[in-house]
Structure formats: structure tokens, C-alpha cells
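Undergrad:
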Amino acid sequence: MKRRRVLALLGGSVAALSGCSGDESETPPVTPADVPGGNGTNDGDGPNGEVTPPPGDWTVVDLRTVRRTLALPTPWYAADDAEVRVWFAGTATADHPATIRATLTNRMQGPNTIALRDLPPFGDPYSAPPDAGIDRPYRDALAFAPTERTDLAEAIPGVERTAEGYWRLPETGTWLPETLELGSGETVAGEFVLVRHPEARGYPTGCYEWRSGETRFTVAAWDTGAPGPDETSRFAGESVPSLPDASSVAWFHEAGGTTPAFLEPSAERVEAPARVGFTLYNHSGDEMGGNRHDWRLFKLVDGEWFHVVPWAIPVPYTTLPPGGTEEWTIRAFSGRAAPCDDGIDVGYLGGGRYAFRVALSRESDGESDDDGEGVHAALFDLDAPAIEVTPTDDVRAARDGERVVVTSPRHRAEGEHRRPATLTLTRTDADADERLVPEQVMRRRLRGLRNALAGVEAGVETVVLRTDERTAERAVDYDADSRTVEFEGDTYRVTVSRGQ
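Its first residue numbered 1, the sequence shown is counted upward by one per residue in UniProt numbering.
1) Ordered along the chain, which non-local residues of its own chain (more than five positions away) have a Cβ less than 7 Å from that of Ser-233?
2) May I ask you to check if the CB of Asp-230 is nearer than 7 Å to at least one heavy atom of the ligand ZN?
3) Using only the alpha-carbon positions, how far apart do Glu-439 and His-293 sit?
4) Measure the CB-CB distance between Val-193 and Pro-97 and report whether it falls below 8 Å.
5) Could you check whether Ala-430 and Gly-448 sit closer than 8 Å to each other, using their CB atoms as the reference points?
6) Pull up the CB-CB distance for Ala-378 and Phe-278, whole angstroms please, since I reckon it's below 8 Å.
7) So Leu-453 is in the alpha helix (DSSP H); what residue range does that whole segment cover?
8) Looking at Ala-274 and Leu-382, is the spacing between their C-beta atoms short of 8 Å?
9) Taking only runs of the beta strand (DSSP E) that begin and end inside the segment 293-333, which ones reach a length of at least 3 residues, in chain order?
10) Taking the beta carbon of Arg-216 as the centre, do at least 16 other beta carbons fall within 10 Å, making it buried, or is it exposed?
11) Between the segment 343-357 and the segment 84-92, do three or more beta carbon pairs fall short of 8 Å?
12) Helix, strand or coil for Asp-383, going by three-state DSSP, please let me know.
13) Would you give the residue range spanned by the beta strand (DSSP E) that Ala-115 belongs to?
14) Near Ala-221, what residues of its chain come up, given a Cβ to Cβ distance below 6 Å and the 5 sequence neighbours on each side ignored?
15) Quick one: using the 10 Å Cβ neighbour count with 16 as the cut-off for buried, is Trp-210 buried or exposed?
16) What did DSSP end up calling Phe-252 once you bin it into helix, strand or coil?
17) Is it the case that the Cβ atoms of Thr-407 and Val-389 are separated by a distance below 8 Å?
18) Do the segment 292-307 and the segment 255-262 meet, that is, are 3 or more Cβ pairs less than 8 Å apart?
19) Going by DSSP, what residue range makes up the beta strand (DSSP E) through Arg-498?
20) Taking contact to mean 3 or more Cβ pairs, one atom from each stretch, closer than 8 Å, check whether the segment 185-192 and the segment 285-301 are in contact.
21) Would you grab the beta carbon distance between Val-485 and Tyr-478 for me? Rounded to a whole angstrom, and I think it's under 8 Å.
22) Going by alpha carbons, who is nearest to Glu-83 out of Leu-63, Pro-125, Thr-105?
23) I'd like to know if the segment 102-116 and the segment 173-184 are in contact, where contact means that at least 3 CB-CB pairs between them fall below 8 Å.
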């Protein structure tokens with residue numbers, strides 16, 4: 001893939017823009033006690049001097065020293081019945097680092113000795129490197145350092161600003177106690193600056209995590225001026241139809257360097273069997289809303305999209321905060337799917353172009369409206385043999401002239417929804433209600449239609465499938481008795497007869 005060129009964060013240029021001389025390697029250490037707590041953001045001080053967290057579940061700030069935007073969750077809960085609320089009180093400038101206000105509350109019914117190590121920003125000051133699954137050195141970490149407005153602090157570290165523009169610690173250390181005892185409902189507050197590790201080089205984008213046991217606290221960082229994907233899609237410049245179930249589609253191949261939210265595939269051309277991952281990035285200051293479980297896979301045939309999977313979805317409302325990511329993985333097979341623990345296994349996919357889409361969008365960008373939902377989608381090409389519709393292993397067929405009778409063991413099976421029925425497939429010249437492709441017919445839900453179409457051959461006008469009522473009804477929908485479909489150039493009338 002062609003790598004999109006991005007403006008480099010040159011040390012001399014940043015220093016000059018921020019009022020620092022390009023000849024200086026770093027500024028003298030300063031004590032964050034002199035750092036103003038506001039700078040145009042909510043510093044959390046109430047009318048009576050109490051610390052009051054701002055509303056909302058996340059907080060975002062654009063740094064003025066380097067081209068980075070940071071986002072962090074406002075409330076989070078940890079072990080020991082402790083509740084932490086964290087928010088940005090001021091951005092980073094040439095005079096001071098980004099400032100964080102925080103509260104720690106004991107939610108236990110009674111006194112509680114809280115282990116602070118597991119509770120950033122009150123605990124271990126250092127994050128893991130961004131996206132720790134990638135081979136990055138420990139020094140790429142971020143750090144929380146207390147200011148004099150943190151009464152718990154046993155010492156106040158200095159901070160310094162590099163010629164590249166970012167603030168960092170001159171040396172490592174820890175400055176707060178290991179434990180804290182709070183009464184029931186008691187709250188303590190603190191102020192911190194968010195800076196780089198003393199040995200940091202540059203300011204990598206990604207997710208910085210503070211991890212201890214099951215505790216996960218994340219600060220997301222992205223390029224303020226270029227929040228979009230780093231790579232150019234192989235489909236860039238191509239035009240495809242809109243997806244049939246969405247009012248608007250934000251395609252990955254149409255995303256640019258300034259696109260704040262996008263669904264990026266791990267590969268855009270694969271050979272079956274294949275694994276394709278999809279990551280939705282929200283590099284914006286807005287929360288994305290929708291349903292993370294509402295993903296769909298489509299195939300493009302003759303300029304038309306055909307919905308392949310899934311048949312049904314759970315319907316909770318879910319969100320993706322600023323700086324958040326969400327991941328999905330498709331395991332594509334040209335034959336029967338092998339069960340997978342690390343993805344969504346989809347079998348019987350023939351070669352061609354596919355689209356994977358998810359129903360999460362940002363209303364502030366007009367990605368959704370009252371007429372339907374906005375979605376994010378990505379294309380990929382699958383190299384695989386064409387799919388041939390074949391019967392399931394448990395049926396038997398008998399031909400009598402222009403008529404084929406296919407019998408399933410479900411026809412006389414006992415149990416709920418096992419009442420007998422027949423599904424009759426007859427060639428017709430009538431207009432079709434819809435067109436189907438093999439990738440749809442081979443789904444388990446349509447096994448009745450699959451077994452009927454598999455019985456079609458030269459000279460056959462009618463196929464009768466003897467099966468159970470549920471299987472037959474799924475071929476036409478439960479509230480109908482018939483359906484007319486087009487399949488591979490021919491049109492068929494599909495009719496259900498119950499109790500036969």
C-alpha cells in the first residue's frame with residue numbers, strides 16, 4: 001500500500017512555534033505549582049471551592065505544544081470499592097503541561113484501606129507504551145505527576161519541556177503513598193500534569209494504558225491535524241453503490257488524512273481461508289453512537305449489494321468515546337466454516353468483492369439522520385472458487401421426469417416445530433420479488449431453499465422438498481405462503497404447504 005505522507009513533528013519547528021529557540025535542547029525544570037488549572041477548560045472548582053467533576057463520560061484536549069489530541073474517560077471504577085473521576089483542567093502550552101484534576105471516593109459502606117497503586121492518576125504514574133502489542137520501548141510511556149494542589153503527594157517532581165515541544169519528567173520517581181484509608185463516602189482530590197517519560201523520544205500516537213490486575217485506564221492520543229488513516233486504500237478513487245440498509249456510508253477507501261472516524265481493514269485482498277480484522281477509530285471529540293453488534297457482510301454482484309450475514313442481531317444501544325476503538329474479525333472460508341474462537345466464522349464465500357459495515361456513527365457529522373442509520377464500511381476482495389449450491393448431507397432426491405422429490409429426515413421428525421410440510425419450487429416467467437446469490441442460499445437458515453435449488457437440473461420444472469414446517473417457512477418468511485426469487489438467471493415460485 002502507498003503510505004500517505006504526514007507532516008513530521010520537527011523539534012526546531014515546534015520549538016519556534018511555541019516561542020522556544022531552536023538552539024535550546026530543553027527548557028529549565030519548572031515546578032507545576034505555578035501551572036494555572038484552567039486555560040479555558042473546566043478546572044472542576046465549584047462555587048464553594050469544592051472539586052466538582054464536569055458532566056459527561058469523557059474529556060478531550062488539543063495540546064498547544066505538539067500536534068496531539070488526548071482523550072480520557074471521566075469516570076471509572078476499580079478494585080477496593082473505589083471510584084475515580086478524572087478530567088482535563090487545562091491544555092499543554094509553552095508555559096505548562098496538560099493539567100488533570102481527579103477525585104477518589106470510597107464507595108464501601110465503612111472505612112476502607114485503598115491500594116493506590118492500582119488507581120491512576122493516584123497510583124503507578126507510568127503507562128505502558130502505546131498499543132503495547134507492538135514492539136515499543138518502555139520509555140514511550142506517559143506519566144502522571146502530582147502538583148502542589150495534591151495534598152496526598154509526598155514530593156512534587158519538576159517537569160521540563162524539550163525542543164520538540166512536549167513536556168516530560170527529568171527523572172523517574174514515585175510521589176504518593178502506597179495506600180490510603182478513607183471513611184465511607186469520603187472523597188479526596190488531586191491535581192496532576194500529564195507528561196512524557198524522562199527517556200521519551202517523540203510523542204507516538206495510540207492508546208496508553210495503565211494496567212494492574214483487572215484495572216485498565218486508557219489515554220488515547222492522535223494527530224490533531226491528521227486524525228485519519230496512515231495508509232491509502234487500494235480502492236481509493238473507486239465508486240461503489242451505497243449499502244441498501246443505510247442512509248449514509250462512510251467508506252474507508254474515501255477516508256483521507258483529516259477524516260476523524262473510519263473503519264480500517266487489516267487487509268483489502270485475501271485468499272480463502274482468510275482472517276480479516278476491522279478496527280473502527282474515533283479520532284474526534286464526539287461520542288459515536290449505534291450498536292456495535294450490528295455488523296453486516298455484503299457481497300457485490302453485477303453492481304448490486306447482497307446481504308450475506310448475519311440473519312439477526314442483538315439490539316442494545318452502544319457508544320464509542322473519543323479516542324476509542326472497536327474491533328471485529330471475519331474468518332472467511334470458501335467451504336464449510338471451521339469454528340473459530342478469535343473471530344466471526346463465515347463459510348461458503350465465493351470469490352469477489354465484499355463490504356463489511358458497522359452501525360456506529362457521529363450525528364454531529366451528519367453520518368446519521370431520521371431516515372435511517374449512518375454506518376462505517378470497508379471493502380475487501382476475496383480470492384476463492386465460485387460457490388456451487390449443493391444439498392445438505394442428510395437429504396435424498398428422486399427424479400420422475402420434470403419433477404424431483406427431495407426428502408429430508410426432518411419431514412417425519414418429532415418435536416416442537418417438527419410438523420411436516422413441503423416446499424415446492426417451480427420455474428416461472430413472473431417477475432421476481434428479489435434476487436439471490438449462492439452465498440445467501442448456502443446459509444443454514446435457508447437450508448430448505450438450498451436443498452430445493454440443489455435439485456434443479458436440465459429438464460426439471462418442479463422440485464418438491466419434503467421437510468418440516470420451520471425449515472419450509474424460513475424459505476418464504478413466516479408470515480407468507482409463497483415467494484418468487486431469481487437465482488442464476490432463472491426465476492422460481494417457492495410455495496409452502498403445511499401438514500403434508
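Ideal Cβ positions, reconstructed from N, Cα and C, are used throughout, including at glycine.
TA: Inspection of the coordinates gives the following:
1) Close CB contacts of Ser-233 within its chain, under the 7 Å cut and outside five residues either way in sequence, are with Phe-252, His-253, Glu-268 (chain order).
2) The model on display carries no ligand, and the ligand ZN is accordingly not part of it.
3) About 21 Å.
4) Inclusion of Val-193 and Pro-97 in the CB contact set at 8 Å is warranted, their separation being smaller than that value.
5) No. Outside cutoff.
6) Indeed they touch by this definition, with Cβ atoms about 6 Å apart.
7) Element bounds for Leu-453: 447-454.
8) Against a cut-off of 8 Å, the Cβ pair of Ala-274 and Leu-382 comes out as a contact.
9) Here the runs fully enclosed are 304-309, 318-320, 325-332.
10) Counting C-beta atoms within 10 angstroms of its own C-beta, Arg-216 has fewer than 16 neighbours from the protein chains shown and is therefore classed as exposed.
11) For the pair of segments examined, the segment 343-357 was found not to touch the segment 84-92: the number of CB pairs separated by less than 8 Å stays below three.
12) Here Asp-383 sits in strand by DSSP.
13) In the DSSP annotation of this structure, the continuous segment of the beta strand (DSSP E) that includes Ala-115 starts and ends at 112-115.
14) Hits under 6 Å: Arg-68, Leu-70, Thr-205.
15) So Trp-210 ends up on the buried side.
16) It is helical.
17) If you check the CB distance, Thr-407 and Val-389 do not come in under 8 Å.
18) Note that the segment 292-307 does not touch the segment 255-262; fewer than 3 beta-carbon pairs, one per stretch, sit closer than 8 Å.
19) Counted as a single uninterrupted DSSP element, the beta strand (DSSP E) harbouring Arg-498 occupies residues 490-498.
20) Contact check between the segment 185-192 and the segment 285-301: fewer than three CB pairs, one atom from each, fall below 8 Å, which does not count as touching.
21) About 17 Å; that fails the 8 Å criterion.
22) Minimum Cα distance to Glu-83 is reached at Thr-105.
23) The segment 102-116, when compared against the segment 173-184, does touch it at the 8 Å Cβ threshold.
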